[in-house]
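All residue numbers for the sequence shown refer to my numbering, where the first residue is 80 and numbers rise by one. Glycine residues also receive a C-beta, built at the ideal position from the N, C-alpha and C atoms. These figures come from a predicted structure and were not determined experimentally. A quick write-up on the structure given underneath.
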Amino acid sequence: MSSPAHKSNGEAKPLLLFTAKLGYQTRSFEDAARKLRVQLIYVTDRCHQLEDPWGDRAIAVHFEPPETAAYTVMEAVRGKQVSGILALGDRPAAAAAYAARGLGIEYNHPAAVEACRSKLRMREVFRDAGLRVPWFRSLLLTPTPEPSLTGISFPCVVKPLSLSASQGVMRANNR
């Protein structure tokens, strides 16, 4: 039985790999794809005016806004059969979600991916779905957030909205 990434004649159908940079994670996917005889087409955030500086024939996009990146990808693969989409990272995942939708490939819904990119939005989605979440509040950093601290008990946890996982998370013991 052949995988969806292979045509009936055994020739690999391309798989789009959305990635912000060509680091160790990307190389691991490349090694696995080679072993499985899956052709990768890179979609990377780079200058579209440079003529393939890494020699990987990547589709050059800017991941923000993700809809624009998705359109660029859809135009670049027009007429090709794409077997699937993978994304490494938050920004690439949003562009991948929009591209998958436009190409008719199963993937997470763009709204779900967008919600995952913001810690505040994700908490709101969980709360609105009736799930238990810790008490939270969004504060603007400018002007000085001091007046906004009313009603906050210490210690508390301060999180940036868009950094991945625990990046930038701090515990505040007092004002």
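TODO: Quick one: grab the DSSP three-state call for THR151.
DONE: helix
Task: Test item: CB-CB of VAL140 and VAL152 under 8 Å - done: yes
TODO: Count the C-beta pairs between the segment 159-168 and the segment 178-194 that are closer than 8 Å, then say yes if the count reaches three, no if not.
DONE: yes
Task: Three-state class that DSSP yields for ARG157 in the structure shown - done: coil
Task: Minimum C-alpha distance to LEU218 - residue among ALA148, THR123, VAL236, VAL192 - done: VAL236
Task: Cutoff 6 Å; reference ILE138; Cβ partners in own chain excluding five residues on either side - done: VAL122, VAL152, ALA155
Task: Entirely enclosed alpha helix (DSSP H) segments - the segment 190-220, minimum 4 residues - done: 198-207
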